[in-house]
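From first to last, the protein sequence lines are chains D and A. Residues 7 to 321 in this note's numbering are what the first sequence spells out, letter by letter. Residues 114 to 542 in this note's numbering are what the second sequence spells out, letter by letter. Just so it is clear, CB atoms sit at the ideal spot from N, CA and C, and this is done for glycine as well. In what follows, a structure is listed as structure tokens, so that the remarks can point back to it.
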Amino acid sequence: MTAPYLALGLAGPHLVELTGNRALLSRWDSLPVAFSVLGIDRVDGSAPAAVTLASSAVGATLAGSTKYGRFFIAATPQRDHPYNIARRIASLAHLSGGRSGLLIGVRDDYAPEGPKEAPAWGGAGLGGGAPLNAQTAYDAARAVRALEQSWPHSSIIGNRDTGILVQSNRIVHVDIDNSFSIAGPLNAPEPVTGASVIAWYAATPTDNPPVDGNNPIELVLGAGGSVPVVALGKEPPADDMEGVVLRADPEQSVGNLLDIAERWLSDRFAPIALGGSLRAALGLSAPAPLPPTARAAFPPPKPHVSLQRQRSHHP
Amino acid sequence: MTNRRSGHVLLGINVLVLGYLPASWKTPLLKKDAFIDPEYWANIGRTAERGTLDAIFLADGPLLGDPAYDANPIRLEPTVNWGQVASVTSHVGLVATASSTFNDPFELAERLLSWDHQTGGRAAWNVVTTRGVPAARNFGLPDIPFRDDRYERASEFVDIVRALWESAATGRDIHHHGEFFEVEGRLRVPPSKQGRPVIFQAGGSPQGRALAGRVAEGVFSAELTKNQAVEHYRLVKGFARDNGRSPDDIKILPGLLLSLGSTEEEARRRSDELHDAGPASYSIGWLSQAIGYDASKLELDEPFPEDILRPLNDSQTFTGSIGFRESIITQIRKTNPTVREYLRQTRYTGSGHAGFVGTPEQLADHIDDWFHAGAIDGFNLQPDRLIDGLEVIADELVPILRKRGLYRHEYETETLREHFRAASPTPAF
Chain D
7 MTAPYLALGL AGPHLVELTG NRALLSRWDS LPVAFSVLGI DRVDGSAPAA
57 VTLASSAVGA TLAGSTKYGR FFIAATPQRD HPYNIARRIA SLAHLSGGRS
107 GLLIGVRDDY APEGPKEAPA WGGAGLGGGA PLNAQTAYDA ARAVRALEQS
157 WPHSSIIGNR DTGILVQSNR IVHVDIDNSF SIAGPLNAPE PVTGASVIAW
207 YAATPTDNPP VDGNNPIELV LGAGGSVPVV ALGKEPPADD MEGVVLRADP
257 EQSVGNLLDI AERWLSDRFA PIALGGSLRA ALGLSAPAPL PPTARAAFPP
307 PKPHVSLQRQ RSHHP
Chain A
114 MTNRRSGHVL LGINVLVLGY LPASWKTPLL KKDAFIDPEY WANIGRTAER
164 GTLDAIFLAD GPLLGDPAYD ANPIRLEPTV NWGQVASVTS HVGLVATASS
214 TFNDPFELAE RLLSWDHQTG GRAAWNVVTT RGVPAARNFG LPDIPFRDDR
264 YERASEFVDI VRALWESAAT GRDIHHHGEF FEVEGRLRVP PSKQGRPVIF
314 QAGGSPQGRA LAGRVAEGVF SAELTKNQAV EHYRLVKGFA RDNGRSPDDI
364 KILPGLLLSL GSTEEEARRR SDELHDAGPA SYSIGWLSQA IGYDASKLEL
414 DEPFPEDILR PLNDSQTFTG SIGFRESIIT QIRKTNPTVR EYLRQTRYTG
464 SGHAGFVGTP EQLADHIDDW FHAGAIDGFN LQPDRLIDGL EVIADELVPI
514 LRKRGLYRHE YETETLREHF RAASPTPAF
């Protein structure tokens with residue numbers, strides 16, 4: 007039996023505590039855990055804590071002020087749109103060297119529901135929206151994945167002779183039409199480390215995602231999934247498992263969480279080497295690319311002509 | 114004015130990814146994918162901070178224009194982009210553009226306040242309503258809402274965001290039931306060091322200026338002439354006063370497109386080389402977008418036809434920028450150039466935003482002149498190419514302004530709102 011990996015679950019107050027303390031950040035960054043979930047309490051059905059921070063804002067801080075720590079940001083379509091989520095996810099991956107991923111949630115425990123007729127994204131008042139359920143969250147995850155893949159990184163060629171920076175005819179529309187209607191493409195290229203890992207939270211087996219043939223979910227956290235969440239103060243389950251998320255309650259400190267994590271890492275959990283992408287740390291292969299039938303977003307670029315050269319033809 | 118204006122100017126940098134000219138990526142100073150390289154962005158932040166600049170600014174829109182020849186359409190998400198830069202800087206202000214049309218006010222309020230908290234109170238939100246069908250089609254809409262609807266929505270959106278920021282401080286729920294939005298709840302994000310983000314407004318439509326007068330603390334405007342700038346400066350400060358605010362509560366920073374060199378000839382050569390290294394279609398495309406008319410259909414060697422220069426019949430469905438269009442038409446009417454002449458001349462004079470080509474000393478004269486004329490509180494400078502253009506601003510322009518008493522020697526304040534408050538007061542008018 008291979009020893010499981012360890013991961014950390016941070017609640018709202020921990021995000022404030024961790025990012026406000028350089029010593030804690032440095033300690034967090036040097037811990038050989040697989041990943042941390044930034045704001046797991048946003049999506050696991052908890053009552054909201056006294057304080058929290060938007061997960062992507064914390065991710066941006068970690069991207070710039072740490073070197074090794076990998077993390078999932080938590081987001082849901084309750085008050086957010088997959089295009090906007092995909093932008094933040096792709097941006098974090100670029101700026102963190104692929105250390106980031108997305109934990110997609112069904113509900114946002116810190117946000118009010120949208121209008122009754124469309125409680126997911128309906129609060130944006132654009133006339134759209136969807137039910138607040140697992141299907142909507144799953145559709146959002148599919149859209150995020152497709153958008154992140156809509157602009158292949160290898161299309162950036164920077165050819166100074168032809169003046170072509172990007173082979174933009176390789177960028178495609180995503181033409182999503184599920185709970186959301188999204189033409190695409192995304193306005194940033196795919197991260198060099200590939201599309202971001204997308205995780206799901208399932209407290210019980212009935213909370214698992216409504217999987218279809220094109221499943222973007224690569225990891226399920228919680229008792230319903232392959233990586234159980236264990237409360238700080240409890241012992242990890244004895245079963246064979248891939249990994250464990252050690253989760254602190256809001257009133258427990260980050261220092262306390264790191265103490266226990268260090269102890270567990272020296273005992274029954276496998277340390278994961280520092281650095282590298284989240285995808286590599288989890289041993290996940292690259293997701294399948296978009297189908298070759300996807301519509302090109304732009305015409306093939308041609309070597310360009312400057313106004314001055316054009317002028318010489320029109321003296 | 115009888116008394117010479119005291120205090121210092123505000124200096125921001127409009128970080129148009131690699132620079133406002135599309136050929137910026139071709140320099141050997143940059144890797145081919147610099148626009149997604151964290152070190153590129155960290156360097157922008159650090160260089161701006163070396164010049165004790167007030168703020169760096171990011172435009173934004175949830176859509177992709179064709180990046181075939183130009184890095185400018187590429188957009189990392191601004192709160193994430195500037196969040197990373199915040200973590201490697203300590204004083205420079207960070208302005209992020211976000212759409213009031215394609216966001217939910219609760220989520221955006223939470224995200225912006227969180228980001229402001231993480232930056233140590235250096236954040237500003239530049240409110241835009243977003244133009245263009247491609248953005249609408251990313252959000253399930255066939256087209257964007259009409260201009261008046263977008264601004265009515267923006268006004269309500271901003272009020273909710275501000276109320277939610279306030280709820281973070283008071284711990285009390287808001288109960289908003291408006292025309293566009295219903296929000297019951299509160300934020301649990303800690304207030305930032307400056308309390309809440311600064312609010313910016315960009316653009317020159319009547320609706321935009323009215324919104325600015327009511328809520329904005331910074332305005333990113335487009336001004337081609339000093340006289341027009343003085344007029345708009347007084348107009349917007351007047352709107353602030355009409356709303357019971359002090360004119361000092363709102364700072365006005367027009368954009369200024371820049372090519373700098375150690376001599377004027379060198380600056381012109383740099384500008385020409387950068388323009389010539391980029392596609393001709395770019396300037397025509399930019400003009401088309403700004404005036405809402407396909408300029409490629411115009412005869413290059415004929416003057417602009419009168420029907421393009423007439424006042425708009427219907428500003429509701431106009432797809433261009435009203436502010437840019439107004440300043441461009443004023444400029445064209447002045448000299449009645451052919452289309453080709455106009456495109457050539459705007460290399461040095463700017464188009465939409467004013468342009469400046471010259472030495473840092475001459476630029477300091479220009480800033481000095483507009484500042485003392487009561488046309489600006491500062492400039493949002495837009496270097497042709499940032500990787501070396503920003504260094505010239507930090508290391509050459511700023512020391513000249515300091516010698517003239519127009520700029521501070523070191524940061525004397527910490528938050529962006531404090532930077533704004535420490536700048537020169539509004540002159541009497």
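Contact between D:A229 and D:T212 does not hold, since the beta-carbon distance rounds to 11 Å and is not under 8 Å. D:T142 and A:E439 have their alpha carbons spaced roughly 44 Å apart. Along the segment 146 to 160 of chain D, there is no position whose C-beta sits under 7 Å from a C-beta of chain A. The segment 282 to 298 of chain A and the segment 338 to 357 of chain A do not touch, with fewer than 3 CB-CB distances between them shorter than 8 Å. If you draw a 10 Å sphere on the C-beta of D:A40, you find 16 or more other C-beta atoms in it, and that means buried. For A:Q314, the enclosing beta strand (DSSP E) starts and ends at 311 to 315.
For the pair of segments examined, the segment 196 to 203 of chain A was found to touch the segment 58 to 76 of chain D: the number of CB pairs separated by less than 8 Å reaches three. By the Cβ test, the segment 299 to 313 of chain A is in contact with the segment 216 to 229 of chain A, since at least three Cβ pairs between them sit closer than 8 Å. Put simply, the CB of D:R285 is far from chain A, with every gap to its CB atoms at 9 Å or more. The three-state secondary structure of A:R446, taken from DSSP, is helix.
Between the segment 483 to 494 of chain A and the segment 379 to 391 of chain A there are fewer than three C-beta pairs closer than 8 Å, too few to call the two in contact.
Contact with chain A is absent for D:T199, since none of that chain's Cβ atoms lies less than 9 Å from the residue's Cβ. Inter-residue distance for D:D145 and D:P197 is about 21 Å (C-alpha atoms, whole angstroms). A:K364: not part of any alpha helix (DSSP H); member of the beta strand (DSSP E) spanning 364 to 373, first to last residue. The continuous stretches of alpha helix (DSSP H) do not include A:R244, and DSSP gives it neither H nor E. Neighbours of D:L132 across chain A, judged by C-beta separation under 7 Å: F252, L254. Less than 9 Å divides the Cβ of A:I441 from the Cβ of A:I404. Of the residues A:T242, A:N239, A:F533, A:F148, the one whose Cα lies closest to the Cα of A:A184 is A:F148.
Distance from the CA atom of D:L109 to the CA atom of A:V328, rounded to whole angstroms, is 35 Å. In the displayed model, A:Y455 falls within a helix according to three-state DSSP. Cβ neighbours of D:A208 within its own chain (closer than 6 Å, five residues either side excluded): N214, V226, G228, G230, G231. Only those residues of the segment 247 to 275 of chain D whose C-beta falls short of 9 Å from the nearest C-beta of chain A would be listed, and there are none. Residues of chain D with a Cβ closer than 7 Å to the Cβ of A:E223 are, in chain order, A60. Residue-level contact check: D:G282 does not touch chain A, since none of the beta carbons of chain A fall below 9 Å from its beta carbon. Shown in chain order are the members of the segment 16 to 48 of chain D whose Cβ falls below 8 Å from a Cβ of chain A: G18, V22, T25. Interface residue (Cβ-Cβ distance to chain D less than 9 Å): A:I187 is classified as such. Within 7 Å of the CB of D:F304, the CB atoms of chain A belong to D179, A181, in sequence order along the chain. Taking a beta-carbon distance threshold of 9 Å, D:G190 counts as an interface residue toward chain A. Contact check for A:L371 and A:L519: beta-carbon distance about 17 Å, past the 8 Å limit, so the pair fails to qualify. For the pair A:V205 and A:R224, the CB atoms are not nearer than the 9 Å cut-off. At least one CB atom of chain A sits nearer than 9 Å to the CB of D:A96. The DSSP-derived three-state label of A:Y395 is helix. At a cut-off of 9 Å between beta-carbon atoms, A:Q231 makes contact with chain D. Neighbourhood of D:S71 in chain A, by CB distance below 7 Å: S200, in chain order. Approximately 37 Å separates the beta-carbon atoms of A:I363 and A:L142; this is outside 8 Å, ruling out the contact. Looking at the DSSP output, A:H290 sits in a beta bridge with A:E295.
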